[in-house]
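Enquirer:
In this note's numbering, the protein residues as written are 14 to 126.
Laid out in structure tokens, this is it:
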């Protein structure tokens, strides 16, 4: 778990290549949803939306009840100008119990017209 924390620290401090290397290693050892979610976030920060989307879809296939994966997928889709699909993923996150207060930043993009 400490190595996951190190990968997250690198990601949050802008060492995206270092974080990517750590996530790649961790995923070879233990391919789990949380790690795919983390690597998807790294790819998103690197502006590699195709890779980010592939990883987040893998994360969802492993654990379809992990609400954060749907939020991450929504962010990837917003970045790709796929707002309707993104909002659908936020709805899934909310239905799974993701704290609504954390989703308020997206309300304007998902407001019913």
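The C-beta atom is built at its ideal place from N, Cα and C for all residues, glycine as well.
Where do the ends of the alpha helix (DSSP H) carrying residue 94 lie?
Expert: Residue 94 -> no alpha helix (DSSP H), and no H or E assigned at all.
Enquirer: Whose CA, out of 39, 46, 108 and 19, lies closest to the CA of residue 71?
Expert: If we check each option's Cα against that of residue 71, 46 comes out closest.
Enquirer: Which same chain residues end up closer than 7 angstroms to residue 110 when comparing Cβ atoms and leaving out the 5 residues on each side of it in sequence?
Expert: For residue 110, where only same-chain residues beyond five positions count, the Cβ hits under 7 angstroms are 80.
Enquirer: Leaving out five residues before and five after residue 33 in sequence, what residues of the same chain have Cβ atoms less than 8 angstroms from its Cβ?
Expert: Closer than 8 angstroms at Cβ, skipping near neighbours: 52, 55, 56 and 59.
Enquirer: In this structure, how does DSSP classify residue 42 when only helix, strand and coil are distinguished?
Expert: Three-state DSSP puts residue 42 in a helix.
Enquirer: List the endpoints of the continuous alpha helix (DSSP H) containing residue 64.
Expert: Here the alpha helix (DSSP H) through residue 64 covers 62-75.
Enquirer: Just the C-alpha distance for residue 76 and residue 120, rounded to the nearest angstrom, thanks.
Expert: For residue 76 and residue 120, the distance between alpha carbons rounds to 26 angstroms.
Enquirer: Note down, in chain order, each residue of its chain lying with its Cβ closer than 7 angstroms to the Cβ of residue 118, except the 5 sequence neighbours on either side.
Expert: Within the same chain, residue 118 has no close Cβ partners at all.
Enquirer: Nearest to residue 108 by CA position, among 93, 84 and 67, is which residue?
Expert: Out of 93, 84 and 67, 84 has the C-alpha closest to the C-alpha of residue 108.
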